Amino acid sequence: MSSGPHAKLAELGLDLPDVVPPVASYVPAVQSGQHVYVSGQLPIAEGKLLATGKVGSGISAEQAKDLAQRCALNALAAVDSLVGLENVVKVVKVTGFVASAPGFTGQPAVINGASDLFGTVFGEAGRHARSAVGVAELPLDAPVEIELIVEVA
2 MSSGPHAKLA ELGLDLPDVV PPVASYVPAV QSGQHVYVSG QLPIAEGKLL ATGKVGSGIS
62 AEQAKDLAQR CALNALAAVD SLVGLENVVK VVKVTGFVAS APGFTGQPAV INGASDLFGT
122 VFGEAGRHAR SAVGVAELPL DAPVEIELIV EVA
């Protein structure tokens, strides 16, 4: 039984989606040297934003955690299309943005939706540095956005 990233995703019952087309003037991912920088990914599936609004007001922290996982899947799709997931040596840095209602301070738990997926898919190589930032607004009124930097072979 294979233990590569695609196999891990399959074990989780997750399919790697198509790369989400950019919503503005940028590309989904860029390789520079041994690193791939993934543009901010929203919780989009089949061309539709899965939810809108603020976490802590209309969007629960648990729902936002699931949305962060979707952002992470979209980030992995961007990496896969550029260099192939099998070439990821290390998840280096995750930056998570959470559109937060006033008083909401659970950003780290929300972004765990992405971090936990990277850890499961890549094992020790999925352990990473991270920021979880509360913001007033995100593009398209998305509740969560994830950026990713990976090292590749």
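For the sequence shown, position 153 matches number 154 in the numbering used here, and the numbering has no gaps at all. No residue lacks a Cβ here, since even glycine has one placed at the ideal position from N, Cα and C. All of these numbers come straight from a predicted model, not from anything done at the bench.
Nearest-angstrom Cα separation, counted from residue j out to residue i
| i | j | result |
| --- | --- | --- |
| V92 | G104 | 31 Å |
| F98 | R131 | 11 Å |
| G48 | G41 | 16 Å |
| A126 | E152 | 10 Å |
| D16 | A137 | 31 Å |
| M2 | V95 | Any reading at M2 needs caution, since the residue's pLDDT is 47, under 50, leaving its predicted position unreliable; the model's value is listed next. Cα to Cα, the separation comes out at about 29 Å. |
| I112 | V28 | 23 Å |
| E63 | Q70 | 11 Å |
| G135 | G85 | 31 Å |
| V21 | A100 | 20 Å |
| P6 | F123 | 6 Å |
| S61 | T106 | 12 Å |
| P144 | A8 | 29 Å |
| A30 | A115 | 17 Å |
| E87 | S58 | 39 Å |
| V24 | L43 | 10 Å |
| P18 | A11 | 12 Å |
Boundaries (first-last residue) of the alpha helix (DSSP H) holding residue i
| i | result |
| --- | --- |
| V137 | According to the sequence as given, residue 137 is Ala; it is not Val. Careful: A137 lies outside any alpha helix (DSSP H) and carries neither H nor E. |
| T121 | Q108 to F123 |
| A8 | P6 to E12 |
Nearest residue (CA-CA) to residue i, options the options
| i | options | result |
| --- | --- | --- |
| R128 | G48, I150, P29 and V145 | I150 |
| L1 | A102, P144, A110 and L118 | Nothing in the structure corresponds to residue 1, since the chain is present only between 2 and 154. |
| N75 | A25, A46 and K66 | A46 |
| T53 | D142, D81, L43 and P22 | D142 |
| L139 | K55, G120 and S116 | K55 |
| G34 | G120, G57 and V89 | V89 |
| E146 | Q108, S4 and S26 | Q108 |
Start-to-end residues for the beta strand (DSSP E) that takes in residue i
| i | result |
| --- | --- |
| S1 | Outside the shown range of the chain (2 to 154) lies residue 1, about which nothing can therefore be said. |
| S33 | A30 to S33 |
| L149 | V145 to V153 |
C-beta neighbour in chain C for residue i, strict 9 Å
| i | result |
| --- | --- |
| A102 | Any reference to chain C falls outside this structure, which holds one protein chain only. |
DSSP bridge partner residues for residue i (one or two, in chain order)
| i | result |
| --- | --- |
| K156 | The requested residue 156 does not occur in the structure, where the chain is confined to residues 2 to 154. |
| A100 | V136 |
| I45 | L50 |
| S58 | K55 |
| A1 | No information on residue 1 is available, as it lies outside the stretch 2 to 154 that the chain covers here. |
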